[in-house]
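The sequence shown begins at 4 in this note's numbering and counts up by one.
For each residue, glycine too, the CB sits at the ideal point set by N, CA and C.
The structure appears right after this line, and notes come after that.
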Amino acid sequence: MPPFDREFFGGEGVLEIEAPTLLALVDRLGDLAPDFADQAEARAAFAVDGVFAPDWTRSLAGVEEVVLLQRVAGG
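Now the structure itself:
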């Protein structure tokens, strides 16, 4: 989860959080670190079970792993 783990979550590299969607996951991460939720849309991206997931309304039912990534600007 670098660089977010150090910046928002006290260095915790792995968090276990239940959420029905990626958007709900962002909300729950925001409960742990309010500044994260404010910056997530601009700075965060997700991989779900190893596949980039641009749709934050995606269901997480049956998902094994969600990885929080730094969004990379591109053109």
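Nearest-angstrom Cβ-Cβ length linking residue i and residue j, presumed shorter than 8 Å
i	j	result
L35	A56	In fact, because the Cβ distance is near 20 Å, the residues do not count as touching under 8 Å.
V3	A40	It is not possible to answer for residue 3, since the shown part of the chain is limited to 4 through 78.
Closest Cα partner of residue i within the set the options
i	options	result
L63	A45, R31, V51, P6	V51
V69	A48, E15, V75, A40	A48
E10	R61, P23, R46, A27	R46
L72	T60, A43, G65, R61	A43
Extent of the continuous beta strand (DSSP E) to which residue i belongs
i	result
A48	47 to 51
Residues bridged to residue i (per DSSP)
i	result
L71	F49
V82	Nothing about residue 82 can be read from this structure; the chain reaches only from 4 to 78.
Unbroken alpha helix (DSSP H) run spanning residue i, endpoints
i	result
V66	No alpha helix (DSSP H) holds V66; DSSP gives it neither H nor E.
G33	25 to 35
F11	7 to 11
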